[in-house]
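Student: Submitted below is the structure of interest, expressed as structure tokens.
In this note's numbering, the protein residues as written are 5 to 375.
Here's what the structure looks like:
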């Protein structure tokens, strides 16, 4: 018994030394390898002191996160997550943003996810409550009548039955509770602000990711390729973590293993340019009202920007050969009532759920796998 205690203490000291070595490497301006980053993330979540975590996050933020560091942290985060594997034909798609653009628009990616699902795209929408805006995806979905208190197994069944599910981050990444108060106390953006959009617990193979800074587009695309994704659009438009109808949107696209960059204009998708006040949002309740109007067929700038982003999900799911044609598909499922119907199906399932699914320990994973 005493021997085991000594071994545990030695391991803790060795891990502490490892953390110090990694911190020194970061302070010197050197990048961690993906393996080092993954090990560091696990140490942060399990053993590191608050001081070690704060120092590491601060130093990494100053240096800037590399592709290897981002991908390593994501791998470590997914190892600690609850993974679900819905039995769905076709590739799963997530549409998500980093947040932090401070434009306070309506909930664009959340609305777009519902529309894309109505167009036949299997959607695994990963999200959380608001951090920098008035209304996060979880907040507005709650105001739309969606019950967020679904277990991972129930979310899996929802996706299989309805074709769309909301993966409420705290239920799938419980280990992240360890760093939440530290992140809040630090008061600056860290690598953890980047991990959520890259850590979908379904391991969705296709993603539309909006980033708050144009400089993140290519690194995110490279990180997602390293993580094994098939099709990706990483977008930034006019200071927004969305495809914008205000001005040009910068895109990094991953397809067939290759990453290409280009810009798209609102006119390319068939939309007129608008100004920021035209797409501004409000409280979750106000945004929910706007979303209902959009899904009921009301036209205008808010509908256009939502359609533009739904088009991205439809396009990478191979439901349309171009973004322009994908936008027309999105408009069609709004106008024929299918998008509003899909919202109703999601609300009905989450409020009348019952689960026959089970969770078991995966043979090669430390995290739980629901299937």
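Glycine is no exception: its CB is placed at the ideal position from the N, C-alpha and C atoms.
Out of 200, 220 and 116, state which residue places its alpha-carbon closest to the alpha-carbon of residue 308.
Tutor: Position 304 of the chain shown holds residue 308. That would be 116, whose Cα lies nearest to the Cα of residue 308.
Student: May I ask you to report which of helix, strand or coil DSSP gives residue 114?
Tutor: Indexing the chain shown from 1 puts residue 114 at position 110. Helix, per DSSP.
Student: Quick check on the DSSP output: the beta strand (DSSP E) that includes residue 101 runs from which residue to which?
Tutor: For this step, residue 101 is matched to residue 97 along the chain shown. Here the beta strand (DSSP E) through residue 101 covers 97-101.
Student: Can you tell me the Cα-Cα spacing of residue 355 and residue 295, whole angstroms?
Tutor: As a first step, residue 355 must be located in the chain shown, where it is residue number 351. As a first step, residue 295 must be located in the chain shown, where it is residue number 291. Looking at the two C-alpha atoms, the distance is approximately 20 Å.
Student: For residue 253, report the span of its beta strand (DSSP E) as first-last.
Tutor: Residue numbering aside, residue 253 sits at position 249 when the chain shown is read from its first letter. 253-259 is the span of the beta strand (DSSP E), which, as asked, contains residue 253.
Student: Considering only residues of the same chain and omitting the five flanking positions on each side of residue 72, which have a CB-CB separation below 7 Å?
Tutor: The residue labelled residue 72 in the question sits at position 68 within the chain shown. So the list reads 35, 36, 37, 38 and 41, once near-sequence residues are dropped.
Student: Who are the Cβ neighbours of residue 206 in its own chain at under 6 Å, not counting the five residues just before and after it?
Tutor: As a first step, residue 206 is located in the chain shown; it is residue number 202 there, counting from the start. Cβ within range, chain order: 88, 96 and 128.
Student: I'd like to know whether the C-beta atoms of residue 291 and residue 111 end up nearer to each other than 9 Å.
Tutor: Here residue 291 refers to the residue found at position 287 of the chain shown. Here residue 111 refers to the residue found at position 107 of the chain shown. Yes; because the gap between Cβ atoms is below 9 Å, this pair is in contact.
Student: Buried or exposed: residue 167, going by 16 or more other Cβ atoms within 10 Å of its Cβ?
Tutor: As a first step, residue 167 must be located in the chain shown, where it is residue number 163. Its Cβ being crowded by 16 or more others within 10 Å, residue 167 is buried.
Student: Please report the distance separating the alpha-carbon of residue 242 from that of residue 277.
Tutor: Translated into positions along the chain shown, residue 242 becomes position 238. Translated into positions along the chain shown, residue 277 becomes position 273. Using only the alpha carbons, I get a separation of about 12 Å.
Student: Within its chain, find whatever has a CB closer than 8 Å to the CB of residue 146; leave out the 5 residues flanking it on each side and keep chain order.
Tutor: Start at 1 with the first residue of the chain shown, and residue 146 comes out as number 142. Answer for residue 146: 152 and 288, listed in chain order.
Student: Among all the DSSP beta bridges, which residues are the ones paired with residue 212?
Tutor: Residue mapping note: residue 212 aligns to position 208 of the chain shown, counting from 1. DSSP output for residue 212 lists 99 and 237 as bridge partner(s).
Student: Just curious, the alpha helix (DSSP H) that residue 346 is in, first and last residue?
Tutor: Stepping through the chain shown from its first residue, residue 346 is reached at position 342. Unbroken alpha helix (DSSP H) run through residue 346: 342-355.
Student: In its own chain, which residues sit with a C-beta less than 6 Å from the C-beta of residue 69, not counting the 5 before and 5 after it?
Tutor: As a first step, residue 69 is located in the chain shown; it is residue number 65 there, counting from the start. Contacts found: 195.
Student: Within 10 Å of its beta-carbon, does residue 262 have 16 or more other beta-carbons around it, so buried, or fewer, so exposed?
Tutor: Within the chain shown, numbered from 1, the residue matching residue 262 stands at position 258. Result: exposed.
Student: Who are the Cβ neighbours of residue 202 in its own chain at under 6 Å, not counting the five residues just before and after it?
Tutor: On the chain shown, residue 202 is found 198 positions in, with the first residue counted as 1. Excluding sequence neighbours, residue 202 sits near 78.
Student: Which residue marks the beginning of the beta strand (DSSP E) containing residue 293, and which one marks its end?
Tutor: Along the chain shown, read from residue 1 onward, the residue named residue 293 stands at position 289. No beta strand (DSSP E) holds residue 293; the alpha helix (DSSP H) holding it covers 288-299.
Student: According to DSSP, simplified to helix, strand and coil, what is residue 170?
Tutor: Sequence index remark: in the chain shown, residue 170 carries index 166 (1-based). Three-state result, residue 170: strand.
Student: According to DSSP, is residue 44 part of a helix, a strand, or is it coil?
Tutor: Start at 1 with the first residue of the chain shown, and residue 44 comes out as number 40. Note: residue 44 maps to helix in three-state DSSP.
Student: Verify whether the separation of the beta carbon atoms of residue 346 and residue 121 is less than 9 Å.
Tutor: Looking up residue 346 in the chain shown gives position 342. Looking up residue 121 in the chain shown gives position 117. Yes, these two residues count as a Cβ contact at 9 Å.
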